[in-house]
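Novice:
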Amino acid sequence: MHVPDGFLDAPTSVATGAVAAVAVACALRGARRELDDRTAPAAGLVATFVFAAQMINFPVGAGTSGHLMGGALAAVLVGPWTAVLCLSVVLVVQALLMADGGITALGTNITLIGIVTVVVGYGVFVVLRRVLPKRLGMVAPAAAVGALVSVPAAALVFTLLFAVGGNVPVDLGAVMTAMLGWHTVIGVGEAVVTGLVVASVVATRPDLVHGARPLLVERELELRTGVGR
Amino acid sequence: MGAGHGHRLHFHGHSPVHRAPAHLKVLALLGFMLVVVATPRQAYPVFALWAAVLLVVVALSRVPLRYLLPRMVVEVPFVVFAVLMPFIAHGPQTEVLGVSVSEPGLVAGVALLIKGTIGVLASLTLAATTEPQDLIRGLQRLRTPDLVVQIMGFMIRYLDVVTAELGRMMTALRSRGCDPRSPRHWPVLARSLGALFIRSYERGERVHLAMLSRGYDGRLPQTGDPR
């Protein structure tokens, strides 16, 4: 679901473009801390992975299908700064090479899909990680809840932007209810897939999962002797 | 860059639009669409003028319309939204085909359809006439931060590699009786995606090591024909 050209008026589009530019500039500095000089190839390949993951459609009912947005997933796997960077690059490539999402709406799309989902998804994840028992098994459920909240949050911000820049006299409450309801359904799909993907990576390569690193540091070396012969 | 000739939307050609520098095309698209978006929604003659300008560019590019039109399906979800607009908006009611709809909603919905359609067709024209490598060079010339350009370059370079890998995984799943669209098989699908993430990330690490061994210092050397 990418916003096309003409959905929001020009001032709103330019304003979200400025927000997106500032966020990407911050993400550039943050991603260097997360990835040091591996940033370009590693983030490039993660962006490719996000793009590939978005290609998988799942039915959400009424004959329509949704796809993964991947904000919370990318944030938990590679860290929030790199995630913002990767999703922004994916959206730029989609807008310029695939005509998916308008070029004047690029800032809006980066703000909604790249920034809001990552900030909300990762924020919820970090809070849950602090509250839940400090075990590796808790990473995936926390990521799932983050993903569940992130999708309606993006829909909420979209509704607010639409109220500012849509210039249509609609009943905002009704639109918001419809958008939130619909996107909560999509969010459930996003949450299940995100949780399962994170669980599978945590099971095989927990060292790669950015969100699991604080838990790995706390893990103590266990020597199991006397088992078998 | 070694792999791939263009991308799925690229239409090979030698027209003036194909030859135009990519950074000018991106700027032209951005400027044109900003003007279209800023056009008052009931200025239909002006929209006709914008559509005519766009069609002239399409004609100049010699990309056939029957190549572009089927690819406009990306617009469909928002067509639904635009069609709903007359029914959910307030304001004075008017009759269309015997159905009472909101007049401002109707105006907004029609404007949305016009602007969205012009936008999709203009973006498709850019995509059809620009090679990804040229686009990256164009963005570089527009002073896009170097790191963003590099990430985009790696993404485009490995796009076909990773999507082909995903395609092989899906073929393997289907040949074993799995239906990736069905929620019952999501756990299997998710494990495949997890594996794809690990493979992609490790490929990134290998690429980085290979680059280091060839003298990478954080900047990509300028190679290839300067266009």
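Protein sequence lines, in the order shown, are assigned to chains Z and F.
Letter by letter, the first sequence follows residues 228 to 456 in the numbering used here.
Letter by letter, the second sequence follows residues 6 to 232 in the numbering used here.
Don't be surprised by glycine CBs; every beta carbon is placed ideally from N, CA and C.
Source: prediction; values computed, not measured.
(1) In angstroms, rounded to a whole number, what distance separates the CA positions of residue 27 (chain F) and residue 155 (chain F)?
(2) Would you say the region 417–430 of chain Z touches the region 300–313 of chain Z, given that touching needs at least three Cβ pairs under 8 angstroms?
(3) Quick one: Cα of residue 378 (chain Z) to Cα of residue 353 (chain Z), how far?
(4) Please check the pair residue 42 (chain F) and residue 331 (chain Z), which I expect to be a contact at CB under 8 angstroms, by giving their CB distance rounded to whole angstroms.
(5) Which class does residue 452 (chain Z) belong to by DSSP, given the choice of helix, strand or coil?
(6) Run through chain Z and tell me which residues come within less than 9 angstroms of residue 41 (chain F), C-beta to C-beta.
(7) Roughly how many angstroms separate the alpha carbons of residue 73 (chain F) and residue 297 (chain Z), rounded to a whole number?
(8) In chain F, what lies closer than 9 angstroms to residue 413 (chain Z) by C-beta?
(9) Judging by CA-CA distance, which residue of Z:341, Z:348, Z:333, Z:345 is the nearest neighbour of residue 124 (chain F)?
(10) Could you tell me whether the region 316–331 of chain Z touches the region 343–361 of chain Z, where touching means 3 or more Cβ pairs closer than 8 angstroms?
(11) Within the same chain, show all residues whose beta-carbon is closer than 6 angstroms to that of residue 114 (chain F), passing over the 5 residues directly before and after it, in chain order.
(12) Out of F:198, F:202, F:209, state which residue places its alpha-carbon closest to the alpha-carbon of residue 159 (chain F).
(13) Tell me the rounded alpha-carbon separation between residue 435 (chain Z) and residue 67 (chain F).
(14) At what residues does the alpha helix (DSSP H) containing residue 481 (chain Z) begin and finish?
(15) Report all residues from its chain with a CB closer than 7 angstroms to the CB of residue 367 (chain Z); omit the five preceding and five following residues, and keep chain order.
(16) Evaluate residue 361 (chain Z) with the Cβ neighbour count: other Cβ atoms within 10 Å of its Cβ, from every protein chain shown; 16 or more gives buried, anything less gives exposed.
(17) Mind pulling the chain Z residues with CB within less than 7 angstroms of residue 213 (chain F)?
(18) Among Z:444, Z:263, Z:237, Z:414, whose alpha-carbon lies nearest the alpha-carbon of residue 340 (chain Z)?
(19) Please report how far the alpha carbon of residue 263 (chain Z) lies from the alpha carbon of residue 232 (chain Z), in whole angstroms.
(20) Considering Cα atoms alone, identify which of Z:271, Z:237, Z:254, Z:375 is closest to residue 37 (chain F).
(21) With DSSP run on the structure shown, which of helix, strand or coil describes residue 428 (chain Z)?
Specialist: On the basis of the data shown:
(1) The residue labelled residue 27 (chain F) in the question sits at position 22 within the second sequence. The residue labelled residue 155 (chain F) in the question sits at position 150 within the second sequence. Spanning the two alpha carbons is a distance of roughly 17 angstroms.
(2) yes
(3) Counted from its first residue, the first sequence places residue 378 (chain Z) at position 151. Counted from its first residue, the first sequence places residue 353 (chain Z) at position 126. Distance between the alpha carbons of residue 378 (chain Z) and residue 353 (chain Z) is about 17 angstroms.
(4) Here residue 42 (chain F) corresponds to residue number 37 of the second sequence, with the count starting at 1. Here residue 331 (chain Z) corresponds to residue number 104 of the first sequence, with the count starting at 1. Indeed they touch by this definition, with Cβ atoms about 5 angstroms apart.
(5) By 1-based counting over the first sequence, the position of residue 452 (chain Z) is 225. DSSP places residue 452 (chain Z) in coil when its eight states are reduced to three.
(6) Mapped onto the second sequence, residue 41 (chain F) falls at position 36. 232, 233, 331, listed in chain order.
(7) Within the second sequence, residue 73 (chain F) is the residue found at index 68, counting from 1. Within the first sequence, residue 297 (chain Z) is the residue found at index 70, counting from 1. The alpha-carbon atoms of residue 73 (chain F) and residue 297 (chain Z) are separated by roughly 29 angstroms.
(8) Sequence index remark: in the first sequence, residue 413 (chain Z) carries index 186 (1-based). Here the premise fails: no neighbours, minimum Cβ distance about 12 angstroms.
(9) Sequence index remark: in the second sequence, residue 124 (chain F) carries index 119 (1-based). The option with the nearest alpha carbon to residue 124 (chain F) is Z:333.
(10) no
(11) Indexing the second sequence from 1 puts residue 114 (chain F) at position 109. Cβ within range, chain order: 87, 90, 91.
(12) For the purposes of this step, residue 159 (chain F) is taken as residue 154 along the second sequence, with counting starting at 1. Ranking F:198, F:202, F:209 by Cα distance to residue 159 (chain F) puts F:209 first.
(13) Position 208 of the first sequence, counted from the first residue, corresponds to residue 435 (chain Z). Position 62 of the second sequence, counted from the first residue, corresponds to residue 67 (chain F). Taking the straight line joining both Cα atoms gives about 48 angstroms.
(14) This structure does not reach residue 481 (chain Z), given that chain Z is present from 228 up to 456, and the question cannot be answered.
(15) Position 140 of the first sequence, counting from 1, holds the residue named residue 367 (chain Z). The residues are 422, 425, 426, 429.
(16) Counted from its first residue, the first sequence places residue 361 (chain Z) at position 134. Burial call: exposed.
(17) Stepping through the second sequence from its first residue, residue 213 (chain F) is reached at position 208. By Cβ distance, chain Z contributes 265, 268, 269.
(18) Taking the first residue of the first sequence as position 1, residue 340 (chain Z) is located at position 113. For residue 340 (chain Z), the nearest C-alpha among the options comes from Z:414.
(19) Numbered from its first residue, the first sequence carries residue 263 (chain Z) at position 36. Numbered from its first residue, the first sequence carries residue 232 (chain Z) at position 5. Spanning the two alpha carbons is a distance of roughly 36 angstroms.
(20) Translated into positions along the second sequence, residue 37 (chain F) becomes position 32. The shortest C-alpha separation from residue 37 (chain F) is found at Z:237.
(21) By 1-based counting over the first sequence, the position of residue 428 (chain Z) is 201. Here residue 428 (chain Z) sits in helix by DSSP.
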